[in-house]
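What follows is a short report on a single structure.
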Amino acid sequence: MIRARKQCSGFIIGLCLLSLSMILSAQSEPEYRDHILSDGVLTNEELAHVVRRAQDDLKLITEKAVNAAGSVMERELVFGPQAWMLMKNGDIKPLRLGEEGKGAPADMKVLMYRAGLRSLARHGQIDAAVVIYPGTIDKQGEKQRIAAVEHEHRLGVSGLKLIPVDLEGGKAVFRSVISQDKSFQIFYDDRKSK
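Put into structure tokens, the structure is as follows:
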């Protein structure tokens, strides 16, 4: 009698484990019925929606970065490199360097920001990233101060914006943007480097 109960208990436990594993395996398979990838192909309209989403995200994060750089410039007359990230939940946050990085030269800070953002991106923690740093361009024989803004989005958008900036009456004034293509450095590996 005791042996029959043990066999019955073992059978019930096995049946419960089998049911649980079936439930878990059914939940782990993604359902794409109402998803943009339900048919495995992106139409031109769906692709336009994806690009528009990436552009909207990058516009928000770039505005935040430029405004922050402008505020620092108004207080200190210059600004140093900064990095901003769009988190998975939609929050925009600055990336902060550790104590060792705070005293590094500006070009090293840019490299450290890229490395930090790359790590976060490769672990799926962010959707977009911006690195902003000061620079100069030669405009008709004169040096023009700029804010260089590198931006990337997980959805496959990457670029560089050069924004001329001046201080007028203590206020940072950003001029017309000069946009350029930029290879991926944060979310994806550059195909040319392979």
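With mature numbering (1 follows the signal peptide of the UniProt record, and there is no 0) applied, the sequence shown covers -26 to -1, 1 to 168.
Don't be surprised by glycine CBs; every beta carbon is placed ideally from N, CA and C.
In the three-state DSSP reduction, ASP65 falls in the coil class, being neither helix nor strand. Residue burial annotation: GLN159 is buried, with at least 16 other C-beta atoms found within 10 angstroms of its C-beta. Non-local C-beta neighbours of LYS38 in its own chain, meaning closer than 7 Å and more than five positions away in sequence, comprise TRP58, ILE66, ordered along the chain. If you draw a 10 Å sphere on the C-beta of PRO55, you find 16 or more other C-beta atoms in it, and that means buried. Counting along the chain, the unbroken beta strand (DSSP E) around HIS127 starts and ends at 116 to 127. About 12 Å separates the beta carbon of THR36 from that of VAL131, a gap too long to meet the 8 Å contact definition.
Excluding residues up to 5 positions away in sequence, ALA146 lie with their Cβ nearer than 6 Å to the Cβ of GLY44 in the same chain.
Within the same chain, and ignoring the five residues on either side of PHE148 in sequence, the residues whose Cβ sits closer than 8 Å to its Cβ are VAL40, GLY44, ALA121, ILE137, PRO138, VAL139. The criterion of a C-beta distance shorter than 9 Å is not satisfied by PRO108 and VAL151. Restricted to the region 125 to 166, the beta strand (DSSP E) segments that are unbroken, complete and at least 3 residues in length are 131 to 142, 145 to 148, 152 to 154, listed in chain order.
Non-local C-beta neighbours of VAL46 in its own chain, meaning closer than 6 Å and more than five positions away in sequence, comprise PHE53, ordered along the chain.
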